[in-house]
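Presented below is the structure to which this report refers.
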Amino acid sequence: MIKQGLTIAILNLMPTKEATANQLTQLVTGDDDQVEVVLLYPESHYESKPLPEILAQHYFPFSLIKEREFDGVIITGAPVEQLNFDQVDYWPELCETLSVIREKAIPLLAICWGAQAALNHYYQIHKVRLASKVVGVFEHRLHVADHPVFGQLSAEFNAPHSRYTTVDENQVLTHPDLVNVADSDEAGLYLVTNRNGRETFVFGHAEYERDTLNLEYRRDLANDLRAPFPQHYYPKDCPDQSPVKTWEAHGRSLFSQWMTALSRAYTIQ
């Protein structure tokens, strides 16, 4: 049985609200005009400051997760990874939301810091600060060809990473309820799920557009001339040349397989 008219909540924690929402919306909707995307924001983050116009017009608070039924939830990355979790002003609200997502058995796809946060809340997996930022486009290998959700990914693929932290890899690899679906020799863990595939943790950014890493690099360079250079991204490592989106097919495949799993009467129960 195929479920029609999926409704997906996106908890958008990125500062680039419009770009991130557009990237993810394009990937989850594809050519299906029956998919509804609902954008959410952390209410507690704005308790002592005005709510930006874009949020007031187009977003709902996290608490909507309690009130409405969603077929899937996506949690984005956030520019708070160098803070301890309990230093993030919306951490209690996010933890409560993650608990509701699990209680309601809503399939979750968490990205970058969102993945680190969800793994910490659900499985007490520690976050680890890296010696230097992992940034660039890296080669990955699929380890679980019969995975219930992501088994149709290519055996090898490229994907972007952009982060200063990771998770304790040994904790993940030895946890009985977690599966290392795909990783990279250079960038480390990339795609982890729980055993039934209902909880998905992605440490890279398959949703990024061709120029997203370039924009981030230019931003960082303006603040620090020693900003880490994105690896395997610019042709011939020349930042004046236009990057090639070598991860486009992978990004489409990753989100398409997740959406397909949601639609098939919850084969990932």
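Mapped onto our numbering, the consecutive letters of the sequence shown carry residue numbers -12 to 256. For each residue, glycine too, the CB sits at the ideal point set by N, CA and C. No experiment lies behind these values; they were computed from the predicted model shown.
Check                                                                                                                 : Outcome
Alpha-carbon spacing of Ser240 relative to Asn145, whole angstroms                                                    : 12 Å
contact_flag[the region 190 to 200, the region 134 to 142] where n(CB pairs < 8 Å) is 3 or more                       : no
Anticipated Cβ contact below 8 Å, Val159 with Thr180, distance rounded                                                : Actually they are not in contact, since the Cβ atoms of Val159 and Thr180 sit about 11 Å apart, beyond 8 Å.
Proximity winner among Thr84, Asp73, His113 and Pro29, relative to Phe57 (alpha-carbon distances)                     : Thr84
Candidates Leu249, Trp78 and Gly238, of which the one nearest Tyr177 by Cα                                            : Gly238
Inter-residue Cα distance where the pair is Leu106 and Gln69                                                          : 16 Å
Glu333 versus Leu38: straight-line alpha-carbon distance, rounded                                                     : With the chain represented from -12 up to 256, any question about residue 333 goes unanswered, as that position is not in the structure.
Identity of the residue in Gly64, Ala(-4) and Gly59 nearest Ser149 by Cα                                              : Gly64
Environment of Ala92 [buried if 16+ CB atoms lie within 10 Å]                                                         : exposed
Simplified DSSP state of Val75, which is helix, strand or coil                                                        : coil
Collapsed DSSP secondary structure at Ser171 in the structure displayed                                               : strand
His32 beta carbon less than 8 Å from that of Asp76                                                                    : yes
Buried or exposed (CB count within 10 angstroms, at least 16 for buried), Asn157                                      : exposed
Own chain partners of Glu40 with C-beta closer than 6 Å, once the 5 adjacent residues on each side are dropped        : none
Anticipated Cβ contact below 8 Å, Pro94 with Leu249, distance rounded                                                 : 6 Å
Continuous alpha helix (DSSP H) stretch holding Val15: start and end                                                  : Lys4 to Thr16
Residues of its chain near Asn9, where Cβ-Cβ distance is below 6 Å and the 5 sequence neighbours each way are ignored : none
Start-to-end residues for the alpha helix (DSSP H) that takes in Ile41                                                : Glu40 to His45
Beta-carbon spacing of Asn201, Pro230 below 8 Å                                                                       : yes
Cβ-based neighbour list, Ala(-4), same chain, cut-off 6 Å, excluding 5 preceding and 5 following                      : Val25, Leu27, Phe57 and Val60
Span of the beta strand (DSSP E) around Leu96                                                                         : Leu95 to Ile98
Short Cβ contact (8 Å threshold) for Val67 with Trp100                                                                : yes
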